[in-house]
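Protein chains: 4
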Amino acid sequence: MSMIEASKKSFDKQGFMKTLGAEIISFEKGIVKIQCTLNDTLTQQHGYFHAGVITSISDVACGYAALSSMPEGSDVLTVEFKTNFIRAANTNTIIAKGEVIKAGKTLTFCEGVVTDASEKIIFATMQATMICLKPTE
Amino acid sequence: MSMIEASKKSFDKQGFMKTLGAEIISFEKGIVKIQCTLNDTLTQQHGYFHAGVITSISDVACGYAALSSMPEGSDVLTVEFKTNFIRAANTNTIIAKGEVIKAGKTLTFCEGVVTDASEKIIFATMQATMICLKPTE
Amino acid sequence: MSMIEASKKSFDKQGFMKTLGAEIISFEKGIVKIQCTLNDTLTQQHGYFHAGVITSISDVACGYAALSSMPEGSDVLTVEFKTNFIRAANTNTIIAKGEVIKAGKTLTFCEGVVTDASEKIIFATMQATMICLKPTE
Amino acid sequence: MSMIEASKKSFDKQGFMKTLGAEIISFEKGIVKIQCTLNDTLTQQHGYFHAGVITSISDVACGYAALSSMPEGSDVLTVEFKTNFIRAANTNTIIAKGEVIKAGKTLTFCEGVVTDASEKIIFATMQATMICLKPTE
Numbered sequence: 006m007s008m009i010e011a012s013k014k015s016f017d018k019q020g021f022m023k024t025l026g027a028e029i030i031s032f033e034k035g036i037v038k039i040q041c042t043l044n045d046t047l048t049q050q051h052g053y054f055h056a057g058v059i060t061s062i063s064d065v066a067c068g069y070a071a072l073s074s075m076p077e078g079s080d081v082l083t084v085e086f087k088t089n090f091i092r093a094a095n096t097n098t099i100i101a102k103g104e105v106i107k108a109g110k111t112l113t114f115c116e117g118v119v120t121d122a123s124e125k126i127i128f129a130t131m132q133a134t135m136i137c138l139k140p141t142e
Numbered sequence: 006m007s008m009i010e011a012s013k014k015s016f017d018k019q020g021f022m023k024t025l026g027a028e029i030i031s032f033e034k035g036i037v038k039i040q041c042t043l044n045d046t047l048t049q050q051h052g053y054f055h056a057g058v059i060t061s062i063s064d065v066a067c068g069y070a071a072l073s074s075m076p077e078g079s080d081v082l083t084v085e086f087k088t089n090f091i092r093a094a095n096t097n098t099i100i101a102k103g104e105v106i107k108a109g110k111t112l113t114f115c116e117g118v119v120t121d122a123s124e125k126i127i128f129a130t131m132q133a134t135m136i137c138l139k140p141t142e
Numbered sequence: 006m007s008m009i010e011a012s013k014k015s016f017d018k019q020g021f022m023k024t025l026g027a028e029i030i031s032f033e034k035g036i037v038k039i040q041c042t043l044n045d046t047l048t049q050q051h052g053y054f055h056a057g058v059i060t061s062i063s064d065v066a067c068g069y070a071a072l073s074s075m076p077e078g079s080d081v082l083t084v085e086f087k088t089n090f091i092r093a094a095n096t097n098t099i100i101a102k103g104e105v106i107k108a109g110k111t112l113t114f115c116e117g118v119v120t121d122a123s124e125k126i127i128f129a130t131m132q133a134t135m136i137c138l139k140p141t142e
Numbered sequence: 006m007s008m009i010e011a012s013k014k015s016f017d018k019q020g021f022m023k024t025l026g027a028e029i030i031s032f033e034k035g036i037v038k039i040q041c042t043l044n045d046t047l048t049q050q051h052g053y054f055h056a057g058v059i060t061s062i063s064d065v066a067c068g069y070a071a072l073s074s075m076p077e078g079s080d081v082l083t084v085e086f087k088t089n090f091i092r093a094a095n096t097n098t099i100i101a102k103g104e105v106i107k108a109g110k111t112l113t114f115c116e117g118v119v120t121d122a123s124e125k126i127i128f129a130t131m132q133a134t135m136i137c138l139k140p141t142e
């Protein structure tokens, strides 16, 4: 099983991604995009996408971008991330793009960007550190 | 309406908090605790609490801790946060405690800690910056 | 006095930038580059550039990128930043490029990248939030 | 050589710490304090301690707090950190306290706090991730 297939299989096991209605819309080695559509289960107090939703899909996009770059049989965990909320996500659909900046043996640095459906208006940016759990661990 | 009442009212408007089954369990000026119980709509790939759930309730606990310290009529938005995932949240109930470190006229610095139900095992720590939207804005 | 001139004048007042031997090598609205050359007053325990030096020039590049985008007479302070250390800065010269991602009335989000002299090898990335101190404040 | 002795020896190799006039004033397993006194080589544009100085000594305090908790013969590198600047460091002496929150086999999470000499007024807080370079690596 390729790491892309493994990443998709792992994604399907995440109950929380179903809860968000999140879908992988693009998957290549080192770059993963996840999309999510607004409904009233995902809102903050003004009716926009909740910061937690924005962060969650960005984290997962970064995590699978990292996993897709790791040796077969690896698993991935989030060490830490930081999210900047650039503007309110007053839109119907958001896309999180996670990208590997540097893939190391143990740690992988990723960047996430969350935009509207046109991928032009930036709502949030993320820096994330992922750790590789090796097959034998 | 006091800022504590206003904070609770704002919390109830957040559709995403209902989705998480999150509840405010403690509310005083500058310190807010939010609790969340595991079910399979909140999991990551190993069946533990998703990093996104942990972050979301910590963000909201910090946000209302900040709001409860602001002038009446204010609203609050998250500027940015960073979360460290100290250990896997392999537990049934998590509690996020958000606390104000410094309340400024415009910006409020908060710290969040997410623990198990005993509040002794730390799963994650957060640093968050909140901005005050003033009544007249 | 233009904001670029004001930024340069402010830079010259920073005693710590002299200590680092840091120089502004490029200055346009929203993008500032600062360069620093290694000597044994700037090292960590392996003789490479210290993480603190890397962070300091990136912070300042972001700060003046932000200031150059603000109204005349403004001043700028760093609210917070996060730095990722991608690889050891085992090189003779580093360049920090600070860039404005979103300039707001109060807060400005910036990104910093610290590279070698060719601007191709990335040593560190930064996300920074800057606050505008308005002329009348 | 104990890890505390090794940490002190490593500190003395950091040219940049000499440049800052930084001194270790307290060293126990998991908690390290570093002090620095203001002079005009360490200032930002208003004459206060530069954010880069504050961050540098906090990073080093966290790094040696981490190293002092690692197996003998280890070395430590900073993976990433985030610093919040709570208020301007308008004071003569700053103390950075670095503390281990969780020491893992590979990664160690630390928190830093930078205060005035009384250790009561907080200027900055830091969250830092350190990585252990094992003796055999």
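Chains as they are written, first to last, in the working numbering: chain A, 6 to 142; chain B, 6 to 142; chain C, 6 to 142; chain D, 6 to 142.
Virtual Cβ for every residue (Gly too), placed ideally from N, Cα, C.
Within chain B, the residues that residue i reaches when beta carbons sit closer than 9 Å
i: Asn95(D); result: Correct list: empty, because the minimum Cβ distance to chain B is about 15 Å.
Three-way DSSP call (helix, strand, coil) for residue i in this model
i: Ile9(C); result: helix
i: Met22(B); result: helix
i: Asp121(A); result: strand
i: Lys110(D); result: coil
i: Lys34(B); result: coil
i: Glu142(C); result: Below a pLDDT of 50, predicted positions are generally treated as unreliable, and Glu142(C), at 49, falls in that range; no measurement from the model is reported.
Cβ separation of residue i and residue j, assumed to be a contact under 8 Å, to the nearest whole Å
i: Phe90(B); j: Val84(A); result: 6 Å
i: Phe16(B); j: Met22(B); result: 6 Å
i: Cys67(B); j: Met131(B); result: 7 Å
i: Ser61(B); j: Pro140(B); result: Not really, about 27 Å apart at Cβ, beyond 8 Å.
i: Leu25(A); j: Leu43(A); result: With 8 Å as the limit, Leu25(A) and Leu43(A) do not qualify as a contact, their Cβ atoms being about 11 Å apart.
i: Ala129(B); j: Ile59(B); result: 5 Å
i: Thr88(A); j: Phe114(B); result: Going by Cβ atoms, the distance from Thr88(A) to Phe114(B) rounds to 16 Å, so no, they are not a contact pair.
i: Ala18(B); j: Ile30(B); result: The question names Ala, but residue 18(B) in the sequence shown is Lys. Their Cβ separation, rounded to whole angstroms, is 19 Å, which puts Lys18(B) and Ile30(B) out of contact at 8 Å.
i: Thr111(C); j: Thr96(B); result: Thr111(C) to Thr96(B), Cβ: 39 Å. No contact.
i: Gln50(B); j: Ala56(B); result: Their Cβ separation, rounded to whole angstroms, is 11 Å, which puts Gln50(B) and Ala56(B) out of contact at 8 Å.
Residue range of the unbroken beta strand (DSSP E) whose run includes residue i
i: Ala138(B); result: Here the sequence assigns Leu to residue 138(B), which means Ala is not the residue at that position. Note, Leu138(B): beta strand (DSSP E), Ile127 to Leu138.
Range of the contiguous alpha helix (DSSP H) that encloses residue i
i: Asp80(A); result: Looking at the DSSP string, Asp80(A) is not in any alpha helix (DSSP H); the run it does join, the beta strand (DSSP E), is Asp80 to Phe90.
i: Ser63(A); result: Ala56 to Leu72
Chain F within 7 Å of residue i, Cβ atoms only
i: Gln40(D); result: This model lacks chain F altogether; the protein chains it does include are A, B, C and D.
Sequence-distant residues of its chain with Cβ nearer than 8 Å to residue i (five each side left out)
i: Ile127(A); result: Ile91, Arg92, Val118, Val119 and Thr120
i: Glu124(C); result: Ile100 and Lys102
i: Glu1(D); result: Residue 1(D) is absent from the model: chain D starts at 6 and stops at 142.
i: Glu77(B); result: Met6, Ser7, Met8, Ala11 and Pro140
Residue i: contacting residues in chain A (beta-carbon distance under 7 Å)
i: Gln132(C); result: Lys87, Asn89, Thr130 and Gln132
i: Ser15(B); result: Gln50
Under 7 Å by beta carbon: chain C residues contacting residue i
i: Gly57(D); result: Phe21, Gly57, Thr60, Ser61 and Asp64
Where residue i meets chain B, residues with beta-carbon distance less than 7 Å
i: Val84(C); result: Leu112 and Thr134
i: Lys18(A); result: Gln50
i: Thr120(A); result: Correct list: empty, because the minimum Cβ distance to chain B is about 17 Å.
Same chain only: Cβ atoms within 6 Å of residue i, ignoring 5 sequence neighbours per side
i: Ala108(C); result: Ser74
i: Gly103(C); result: Val37, Ala66, Cys67, Ala70, Cys115 and Gly117
i: Ala122(B); result: Thr98
i: Ser63(B); result: Ala101, Gly117, Val119 and Met131
i: Tyr53(C); result: Ala93, Ala94 and Asn95
i: Ser12(B); result: Tyr69, Leu72 and Ser73
i: Ala27(B); result: Ile39, Cys41 and Ile62
i: Asp45(D); result: none
i: Leu82(A); result: Ile136
i: Gly20(B); result: none
i: Leu138(C); result: Asp80
Closer than 8 Å at the beta carbon, the chain A residues around residue i
i: Ser123(B); result: In chain order: nothing, as chain A lies at least about 23 Å away.
Residues near residue i in its chain [Cβ-Cβ closer than 7 Å; skip 5 each side]
i: Val105(B); result: Gly35, Ala70, Ala71, Ser74, Thr113 and Cys115
Interface residues of chain D facing residue i [CB-CB closer than 8 Å]
i: Leu47(C); result: Gly20, Phe21 and Thr24
Neighbour list for residue i in chain D, Cβ cutoff strictly below 9 Å
i: Ile106(B); result: Asn89, Ile91, Ile127 and Thr130
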